[in-house]
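S.K.:
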Amino acid sequence: MLLLAFLPDPDPDGTVSRYEVFFINDGPTPALFTSAFFLRDVLEERVNGKLEPKSFRSLGILLFDQLNDAPSFELECWPVTKAGTGSRFFRDLKVKPSQFFKNVRTAPLLNKQAHCFQIFENLNPPAKQEKKEDLRAYTKANTQQNKVEEEAYGDWRDTLPGVKEYADFVNEIDLHIERLTDRHAKLSNAEILRIQMNHFETFLNKAVRLGVPSVFIIHGVGKGVLKDAVAQRLRQHANVKEYRNEYHPKYGWGATEVIFSD
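In this text, residue positions in the sequence shown follow numbering that gives the first Met the number 0: the first is 0, and each later residue adds one.
(1) Measuring alpha carbon to alpha carbon, tell me which of Ser57, Cys76, Ala228, Leu174 ends up nearest valine 41.
(2) Return the first residue and the last residue of the alpha helix (DSSP H) that asparagine 123 is part of.
(3) At a threshold of 7 Å, does histidine 183 count as lining the ligand MN (C-beta to nearest heavy atom)?
(4) What do you reckon, are the CB atoms on serine 260 and asparagine 238 nearer than 8 Å?
(5) Specify the secondary structure class of aspartate 14 as computed by DSSP and reduced to three states.
(6) Span of the alpha helix (DSSP H) holding lysine 93?
(7) Could you check what DSSP says for proline 96 in three-state terms: helix, strand or coil?
(8) Counting only the same chain and skipping the five closest in sequence on each side, list residues whose C-beta sits under 6 Å from that of asparagine 47.
(9) Straight-line CA distance for glutamate 43 to isoleucine 23?
(10) Return the chain-ordered list of same chain residues with a C-beta closer than 8 Å to the C-beta of lysine 49, the five sequence neighbours on each side being excluded.
(11) Report all residues from its chain with a CB closer than 8 Å to the CB of phenylalanine 199; omit the five preceding and five following residues, and keep chain order.
(12) Which residues bound the beta strand (DSSP E) around arginine 182?
(13) If you draw a straight line from the C-alpha of arginine 56 to the C-alpha of phenylalanine 21, how long is it?
(14) With three or more C-beta pairs closer than 8 Å as the rule, is the region 199-210 touching the region 59-71?
(15) Could you tell me how far apart the beta carbons of cysteine 115 and leucine 2 are, in whole angstroms, since I believe they sit closer than 8 Å?
(16) Residues in its own chain within less than 6 Å of lysine 249 by CB, not counting five upstream and five downstream?
(17) Looking only at its chain, what residues have a beta carbon closer than 6 Å to the beta carbon of tyrosine 165, apart from the 5 residues adjacent to it on each side?
(18) Counting along the chain, where does the alpha helix (DSSP H) carrying aspartate 227 start and finish?
(19) Can you look up aspartate 25 in the DSSP assignment and give me helix, strand or coil?
(20) Helix or strand or just coil, what does DSSP make of valine 220?
(21) Are glycine 83 and leucine 122 closer than 8 Å when you measure CB to CB?
(22) If contacts are defined as beta-carbon pairs under 8 Å, then arginine 17 and aspartate 8 qualify, I think. What distance do you get, rounded to the angstrom?
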């Protein structure tokens with residue numbers, strides 16, 4: 000079983016104002032994972048790593064007040080086998096306060112009381128159909144299986160690349176902070192850059208997944224801090240063939256065109 004555990008971190012007076020978030024692998028299978036933490040659909044933090052069997056990893060801190068900011072976690076896992084990595088598992092966990100305070104139990108491995116959410120029961124591949132069934136039985140069985148998969152993995156079918164998703168994809172992203180969050184007035188420069196780069200990474204990864212040929216990253220001119228951070232990441236990205244910050248009739252000098260490898 001893989002689960003998220005929110006471990007209370009009490010203040011000196013005993014009140015709880017924050018929780019440390021742990022991703023726990025209480026099963027026998029090692030797994031690679033990616034975790035994306037959102038508040039009101041704004042990406043706040045991304046963590047990548049590997050979970051060995053019977054191990055856990057801290058994903059960061061959730062503040063008590065953030066329970067009212069629609070926190071959610073997108074979790075992807077790939078079981079590690081002798082042949083390499085297995086099929087992708089996906090879950091979009093939306094943390095609702097009413098459920099959060101009900102789901103209290105002893106977290107495995109941590110052995111402490113925590114708010115726990117099961118993410119995946121296991122990382123086993125779906126069982127194969129061994130015998131032929133008539134159409135009615137087949138439809139009934141698969142309808143039941145679909146319900147089980149939706150409960151276990153979330154609506155993972157919508158995450159697979161397809162014709163509609165490719166057609167709907169907008170090949171530009173505006174990284175000006177006012178385009179990304181309404182709560183930018185009190186953010187520090189470091190927090191602004193972190194949010195901008197998280198959105199940039201998410202956009203870039205989606206473009207690569209869908210196989211689009213090129214995109215535009217709108218960063219503005221300004222002092223060039225964001226542009227330099229974007230350029231540094233593009234230099235390191237294995238799927239980027241080339242990128243260029245040239246004058247464009249639509250963006251002026253405020254955007255970088257990214258061309259992906261075939």
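All C-beta atoms in this analysis are idealised placements derived from N, C-alpha and C, irrespective of residue type, glycine included. Please read these numbers as outputs of a predicted model, since none were measured by experiment.
M.R.: Once the coordinates are examined:
(1) Leu174
(2) Per DSSP, asparagine 123 belongs to no alpha helix (DSSP H) and is neither H nor E.
(3) Ligands are entirely absent from the displayed structure, and the ligand MN is therefore not among its contents.
(4) yes
(5) Strictly speaking, residue 14 in this sequence is threonine, with aspartate absent from that position. If DSSP states are grouped into helix, strand and coil, threonine 14 belongs with coil.
(6) Lysine 93 -> not in any alpha helix (DSSP H); beta strand (DSSP E) instead, spanning 88-93.
(7) helix
(8) Thr33
(9) 21 Å
(10) Pro29, Ala30, Leu31, Phe32, Val79
(11) Ile172, Leu174, Ile216, Val229, Arg232
(12) Per DSSP, arginine 182 belongs to no beta strand (DSSP E) and is neither H nor E.
(13) 5 Å
(14) no
(15) 5 Å
(16) none
(17) Leu209
(18) 224-235
(19) coil
(20) coil
(21) no
(22) 5 Å
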